[in-house]
Amino acid sequence: MRRQDLLYESFWKHWGHKNTKYQTIPDYIADLDVDKDHLKYLRNWFKYFSPGQFIVRIYEKSCIRDDVVNDLLKIVGIYDKTGFADPPDNNLNVNAGLKPEVVGILILCNHLVNDRNDHKLLNMMYSSLSDRYKKRNPFENYGFLTHDERKRSSPGSTSQTG
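Numbering (the numbering used here), first residue to last: 1306 to 1467.
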């Protein structure tokens, strides 16, 4: 489960800032073509599984304490990754994120991006910048939304699966 405000902030970080149409995250959130009732998505699973068949995990570093993949492997009983190949350390395989200042530069350069799936600029920044400009903790809050904007972005429910 992930808080909706943090999910939308992540959407903005990955896709929204690439669109010159959106000047702010709230503009982007308002225009998202998704049902904002995120609890509805979870309820859809109840058609196929009973609530007792779910393991609900909070998608926050303080709860996972490791990374998402290791956490999932432990849930299914795999405690040793010997024999598993780690993916290459690049922006496609590691969601380490960039510091807010670098995302600010990407926003200023969004006119150089073809569409939301164009990662050339992001990949160039990720591969050419030192670790000093990469977030140490991918779960760290970017602080793009104010407290009031966070409350408005999470109507009804404050979590999302995923």
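Virtual Cβ for every residue (Gly too), placed ideally from N, Cα, C.
- In the DSSP annotation of this structure, the continuous segment of the alpha helix (DSSP H) that includes Lys1318 starts and ends at Gln1309 to His1319.
- Phe1354 is classed as exposed because its beta carbon has fewer than 16 other beta carbons within 10 Å across all chains shown.
- Counted as a single uninterrupted DSSP element, the alpha helix (DSSP H) harbouring Ser1432 occupies residues Lys1425 to Ser1433.
- Taking a cut-off of 8 Å for Cβ pairs, the stretch 1428-1442 and the stretch 1339-1351 do not touch, as fewer than three such pairs fall below it.
- Val1408: member of the alpha helix (DSSP H) spanning Pro1405 to Leu1413, first to last residue.
- The beta carbons of Arg1421 and Trp1317 sit no closer together than 8 Å.
- With fewer than 16 other Cβ atoms from the protein chains shown falling within 10 Å of its own Cβ, Gln1358 counts as exposed.
- Here Lys1326 is not bridged, per DSSP, to any residue.
- Exclusion of the five residues before and after Tyr1313 leaves Ile1334 and Ser1458 as the residues of its chain whose Cβ lies within less than 6 Å of its Cβ.
- Under the DSSP assignment, Asp1376 falls in the alpha helix (DSSP H) whose first and last residues are Val1373 to Ile1380.
- When the alpha-carbon of Lys1404 is set against those of Asn1415, Asp1372 and Gly1448, the nearest one is in Gly1448.
- Asn1419 and Asn1446 have their C-alpha atoms spaced approximately 27 Å apart.
- Proximity to Lys1326 across Tyr1431, Leu1413, Leu1450 and His1452 peaks at Leu1413, based on C-alpha coordinates.
- Distance from the CA of His1452 to the CA of Ile1330, rounded to the nearest whole angstrom, comes to 13 Å.
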